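Right, one structure below, let's go through it.
There are 2 protein chains.
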Amino acid sequence: MKTYREENYLKAIYQLSDIDKHKQVSPTDIANWLELKPPTVLEKLAILVKKGYITYNKFEGAKLTSTGKEIALNIVRRHRIWETYLYKELKFSWSEVHEIAEQLEHVNSDKLIDKIYDVLGKPDFDPHGDPIPNKMGKFPKSDRRPLSDSIKGCKCVVLGVSEHSEVFLNYLTQQKIGLNDKLVVEQINEYDSSFKLGTKNKGHILMSSKAAQQILVQCIKPNCACK
Amino acid sequence: MKTYREENYLKAIYQLSDIDKHKQVSPTDIANWLELKPPTVLEKLAILVKKGYITYNKFEGAKLTSTGKEIALNIVRRHRIWETYLYKELKFSWSEVHEIAEQLEHVNSDKLIDKIYDVLGKPDFDPHGDPIPNKMGKFPKSDRRPLSDSIKGCKCVVLGVSEHSEVFLNYLTQQKIGLNDKLVVEQINEYDSSFKLGTKNKGHILMSSKAAQQILVQCIKPNCACK
DNA sequence: TTTATGAATTAGGTAAGCCTAATTATTAAA
DNA sequence: TTTAATAATTAGGCTTACCTAATTCATAAA
Chain A
39 MKTYREENYL KAIYQLSDID KHKQVSPTDI ANWLELKPPT VLEKLAILVK
89 KGYITYNKFE GAKLTSTGKE IALNIVRRHR IWETYLYKEL KFSWSEVHEI
139 AEQLEHVNSD KLIDKIYDVL GKPDFDPHGD PIPNKMGKFP KSDRRPLSDS
189 IKGCKCVVLG VSEHSEVFLN YLTQQKIGLN DKLVVEQINE YDSSFKLGTK
239 NKGHILMSSK AAQQILVQCI KPNCACK
Chain B
39 MKTYREENYL KAIYQLSDID KHKQVSPTDI ANWLELKPPT VLEKLAILVK
89 KGYITYNKFE GAKLTSTGKE IALNIVRRHR IWETYLYKEL KFSWSEVHEI
139 AEQLEHVNSD KLIDKIYDVL GKPDFDPHGD PIPNKMGKFP KSDRRPLSDS
189 IKGCKCVVLG VSEHSEVFLN YLTQQKIGLN DKLVVEQINE YDSSFKLGTK
239 NKGHILMSSK AAQQILVQCI KPNCACK
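If you read the sequences in order, they're chains A and B.
Sequential numbering of the first sequence, starting at 39, is according to my numbering.
Sequential numbering of the second sequence, starting at 39, is according to my numbering.
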């Protein structure tokens, strides 16, 4: 039996390892993420190990087993489908969606998820541009990469964001950058790596390297020189 | 703070007192209803008393205070709205709806309930015919009463059911009796109080007193002699 | 009115999930 | 390489929500 608490631990481990794929996931990281204390987390990790959902040791941190990853990805799937449903079908604003989806993702009914996913037309991405894993935990293919990896002259399209904070999302709204917008990298400032971007009908935008790192794009030209 | 457990206790007390308005709600009743043991319930009742949600003593059993009733009715409201949404918007079958609504009713977002209630067109009754209390806990007016209270010759319309078991619902489906169907009480058998009912285009139906007690109707003629 | 039955209550115990306050390792800095 | 800082771990405690077994109480039957 997996409780919603366990689901949250597994999701946290997934998310933390997803944010930085090289860094190990430590008890302290998880504790901060879930707003708990390390001893609490450590205790639970032992249980998750015993249940076969993760492996853990001090040096490698916590790692999901295939079973654990399956559960975690299922929660991620539910979360993203609910966010999309709340946003598209129920007209919630983007900032309201996350908190409610945090609750809804634990409602235990695969059929319910299937139904709302059908209503949405089985999308591959949520309105953030985040990919929705399928039931097997496979992600749809995409060549999303940070805008900051672009070279001068690159034409690309915005497919998502890595950061979901309200400040950042508001910043994008202010800059009038949205999903599927096309951008041209007109110049990259050598000094601070800031970007001068061209847009179709919103003129030129100056963007810090920090922001550019959080915007996920894909090159439009098939063999663009961008890495 | 009210947890979903407390919500369930309060809902149970509401439902039990609703099923039989005269009978007191005993710890044992609640324990059976929630599939718990009496000592567990007793313990929680003390907490609910302390929180001002109920009153309790051995002789009068558990009774909701106005605060407690407000919470209970809010859960009933959420449950019925979700059931309606699952049934009407997401095309779940009637028998699937309850279990999922049991989970969804505890999702804490009034705005979410408001939204789906709006989508449904703010109905007064769920698809069972059960009234949906408004935010103040007020029920829509209706003169529903058991079909078994009818007298011979009464013309009435089916507005709901008291029992929601799958067997009973299946029985109704078999007899082709549905919400808003019109019935005429053609005869009441003195011996076993069974009913002979006339329908518009489904012919005559013979119904046991037991079943008739669970069907809620309203007289069609304004001053019908029915009690 | 005594007794037997069943409901309510008390006593005491367990597991899950949290915590704080040590203590022990690691790692990074001096 | 010693020391200082930081992270991991252990010890021990608390609360909530369950339980079983024993006891007390209330009531219906004899």
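Quick reminder that beta carbons are idealized off the backbone N, C-alpha and C, glycines included.
Computed from a prediction, not measured in an experiment: that's the story for all the values here.
For the alpha helix (DSSP H) that residue i lies in, which residues bound it at each end?
| i | result |
| --- | --- |
| A:Phe233 | Where A:Phe233 is concerned, there is no enclosing alpha helix (DSSP H), although the beta strand (DSSP E) it sits in stretches over 233-237. |
| B:Leu86 | 76-88 |
| B:Lys149 | 148-157 |
| A:Val63 | Note, A:Val63: premise wrong, no alpha helix (DSSP H); not H, not E. |
| B:Ile57 | 42-57 |
Suppose you measure from the CA of residue i to the CA of residue j; what does that come to, to the nearest Å?
| i | j | result |
| --- | --- | --- |
| A:Asp58 | B:Val114 | 44 angstroms |
| A:Cys264 | A:Glu98 | 33 angstroms |
| A:Gly236 | A:Leu207 | 20 angstroms |
| A:Lys89 | A:Lys107 | 13 angstroms |
| A:Gln251 | A:Lys49 | 24 angstroms |
| A:Gly159 | B:Tyr91 | 44 angstroms |
| B:Ser64 | A:Tyr42 | 31 angstroms |
| B:Leu210 | B:Met174 | 33 angstroms |
| A:His60 | A:Gln212 | 33 angstroms |
| B:Trp12 | A:Ile253 | Because chain B is modelled from 39 through 265, residue 12 of chain B falls outside the range shown and cannot be assessed. |
| B:Glu127 | A:Tyr125 | 16 angstroms |
| A:His136 | B:Val135 | 25 angstroms |
| A:Gly216 | A:Lys96 | 42 angstroms |
| A:Tyr94 | A:Asp156 | 38 angstroms |
| A:His242 | A:Asn261 | 25 angstroms |
| B:Gln214 | B:Lys238 | Here residue 214 of chain B is Lys; the residue named in the question, Gln, does not match the sequence. B:Lys214 and B:Lys238: Cα-Cα distance of roughly 11 angstroms. |
| B:Ser180 | A:Ala249 | 59 angstroms |
| A:Lys292 | A:Ala84 | No statement about residue 292 of chain A is possible, as the shown extent of chain A runs from 39 to 265 and does not include it. |
| A:Gln53 | B:Ser104 | 44 angstroms |
| B:Met39 | B:Glu228 | 54 angstroms |
| A:Ser147 | B:Lys176 | 31 angstroms |
Would you say residue i and residue j are within 8 angstroms of each other, going by their C-beta atoms?
| i | j | result |
| --- | --- | --- |
| B:Glu224 | B:Lys234 | yes |
| A:Glu44 | A:Leu102 | no |
| B:Ala100 | B:His117 | no |
| A:Gln141 | B:Val79 | no |
| B:Pro171 | B:Thr122 | no |
| A:Ile51 | A:Ala110 | yes |
| B:Glu204 | B:Ser133 | yes |
Which residues in the same chain as residue i place their Cβ atom closer than 8 angstroms to its Cβ, once the five residues preceding and following it in sequence are excluded?
| i | result |
| --- | --- |
| A:Val195 | Asn218, Asp219, Lys220, Leu221, Val255, Gln256, Ile258 |
| A:Asp230 | Ser246, Ser247 |
| A:Lys82 | Arg43, Glu44, Tyr47 |
Along the beta strand (DSSP E) that carries residue i, what are the first and last residues, could you check?
| i | result |
| --- | --- |
| A:Ala100 | 99-102 |
| A:His242 | 242-245 |
| A:Val196 | 193-199 |
| A:Ile170 | From DSSP, A:Ile170 is part of no beta strand (DSSP E); its letter is neither H nor E. |
| B:Ile215 | Per DSSP, B:Ile215 belongs to no beta strand (DSSP E) and is neither H nor E. |
| A:Glu137 | Looking at the DSSP string, A:Glu137 is not in any beta strand (DSSP E); the run it does join, the alpha helix (DSSP H), is 132-142. |
| B:Tyr94 | 92-95 |
| B:Ile258 | Element bounds for B:Ile258: n/a, residue is neither H nor E. |
| B:Leu185 | Per DSSP, B:Leu185 belongs to no beta strand (DSSP E) and is neither H nor E. |
| B:Ile226 | 220-226 |
Once you ignore the five residues that flank residue i on each side, which residues in its own chain have a CB closer than 7 angstroms to its CB?
| i | result |
| --- | --- |
| B:Thr66 | Pro76 |
| B:Glu143 | Ile113, Arg116, His117, Trp120 |
| A:Ser232 | Leu244, Met245, Ser246, Ser247 |
| B:Lys190 | Val223, Gln225, Ile226 |
Go through its chain and collect everything with a Cβ distance to residue i's Cβ below 6 angstroms, but skip five positions before and after it.
| i | result |
| --- | --- |
| B:Gln62 | Glu98, Gly99 |
| A:Pro178 | Asp162, Pro169 |
| A:Ser55 | Val63 |
| B:Phe130 | Leu124 |
Return yes when at least one heavy atom of the ligand NAP lies under 7 angstroms from the C-beta of residue i, else no.
| i | result |
| --- | --- |
| B:Pro161 | This structure lacks the ligand NAP; in fact it carries no ligand of any kind. |
Exercise. For the 8 angstroms Cβ check, are there 3 or more pairs between the region 141-153 of chain B and the region 181-194 of chain B?
Worked result: no
Exercise. Any chance the region 187-200 of chain B sits against the region 165-179 of chain B, with 3 or more Cβ pairs inside 8 angstroms?
Worked result: yes
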